[in-house]
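Below: the structure, in structure tokens.
Numbering (the numbering used here), first residue to last: 13 to 333.
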């Protein structure tokens with residue numbers, strides 16, 4: 013039977029890979045876009061999709077009725093449409109981070125509860141939902157602590173708005189699961205590290221690609237990037253294709269309701285990320301800050317070394333120059 017998957021954020025950096033994966037696996041795909049009048053944001057998907065069943069739908073995740081219509085008739089819903097930004101200030105946090113993340117996630121859950129025939133909801137969160145100190149370590153646990161999905165999440169009001177929003181939206185999801193033990197569909201949560209790789213589109217609004225550009229060229233346009241290089245901040249990374257594969261495997265495997273999986277691999281300091289992006293040898297050693305063992309065991313994942321997607325990003329940028 014041909015199944016339909018609705019991908020919220022399906023035209024974004026990660027969402028494009030998720031859309032590509034499900035199309036390749038024979039699914040009918042509905043991918044949301046914020047503006048159908050700007051084809052630059054989704055033209056790459058039309059080219060990737062070819063004659064395969066792909067529908068692009070203009071949808072605002074803050075509009076509950078639009079979300080209901082978007083997920084209607086789908087067996088699978090993937091929510092990867094929350095803001096990913098590090099530059100949001102506290103005074104802007106409510107409008108630009110908290111509301112779209114929290115209210116958007118609430119709308120998705122409510123829409124799924126109304127949907128007929130839904131089998132799976134996959135929520136894409138972040139390791140920041142578990143470790144509110146991202147990109148640093150939790151001082152109470154120490155630098156050597158390896159996080160798992162069983163760690164008790166922490167956040168504080170002085171943590172970056174992105175981290176707070178991920179924590180709060182994840183708590184919303186977990187509370188909903190506890191309060192609704194007999195749902196007709198499964199909900200699983202994935203917690204990726206910094207997602208790296210080459211963008212499938214030419215869009216310039218990808219935070220992930222923008223971060224890699226700054227790291228590659230050692231640019232410091234803001235206080236955050238100055239801190240990254242001054243303190244040689246470490247990044248827990250994961251290849252974008254590995255995240256797409258994790259989402260797919262979480263979809264096709266049953267008995268995963270309420271499961272939580274960290275989707276991260278190697279952790280490297282900014283100086284070595286810079287070196288790898290420029291084809292140079294690293295000076296330090298990789299380490300694991302977030303354990304992916306549960307995802308490897310239960311989702312059958314094999315993780316890609318960070319150097320590979322970093323080099324793919326650089327090669328793609330050089331080919332456009």
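Positions of the beta carbon are idealized from the N, C-alpha and C atoms, including for glycine. Keep in mind the model is a prediction, meaning the values are calculated, not measured.
The region 58-67 makes no contact with the region 232-250; the number of CB pairs closer than 8 Å stays below 3. Straight-line measurement puts the Cα of residue 303 at about 19 Å from the Cα of residue 268. Between residue 204 and residue 138, the C-beta gap is smaller than 8 Å, which places the two residues in contact. Here residue 43 is not near residue 83, since their CB atoms are 8 Å or more apart. Burial check for residue 198: the Cβ neighbour count within 10 Å reaches 16 or more, so the residue is buried. If you draw a straight line from the Cα of residue 187 to the Cα of residue 294, it is about 42 Å long. Scanning 258, 251, 181 for the CA closest to the CA of residue 142 turns up 181.
Annotated three-state conformation of residue 234 is coil, per DSSP. Within the region 213-291, complete beta strand (DSSP E) segments of at least 3 residues are found at 246-251, 272-275, 279-281, given in chain order.
Annotation: the region 89-165 contains the following complete segments of the beta strand (DSSP E) (minimum length 3 residues), in chain order: 132-136.
By the CB criterion at 8 Å, residue 102 and residue 173 fall inside the cutoff. The beta carbon of residue 314 is closer than 6 Å to none in its chain, skipping five residues each way along the sequence. Going by C-alpha positions, residue 54 is about 37 Å away from residue 168. As the crow flies, the alpha-carbon of residue 332 is around 20 Å from that of residue 252. Spatial neighbours of residue 221 in its own chain (CB-CB distance under 6 Å, excluding positions within 5 residues in sequence) are listed in chain order as 211. Separation of residue 281 and residue 244 (C-alpha to C-alpha, rounded to the nearest whole angstrom) is 6 Å.
Checking the DSSP bridge columns, you'll see residue 68 partnered with 43.
Judged by DSSP in its simplified three-state form, residue 198 adopts strand. Comparing alpha carbon positions, the residue from 122, 133, 156, 160 closest to residue 140 is 160. Residue 57 and residue 154 have their C-alpha atoms roughly 43 Å apart. A straight-line Cα-Cα distance of about 7 Å links residue 260 and residue 34.
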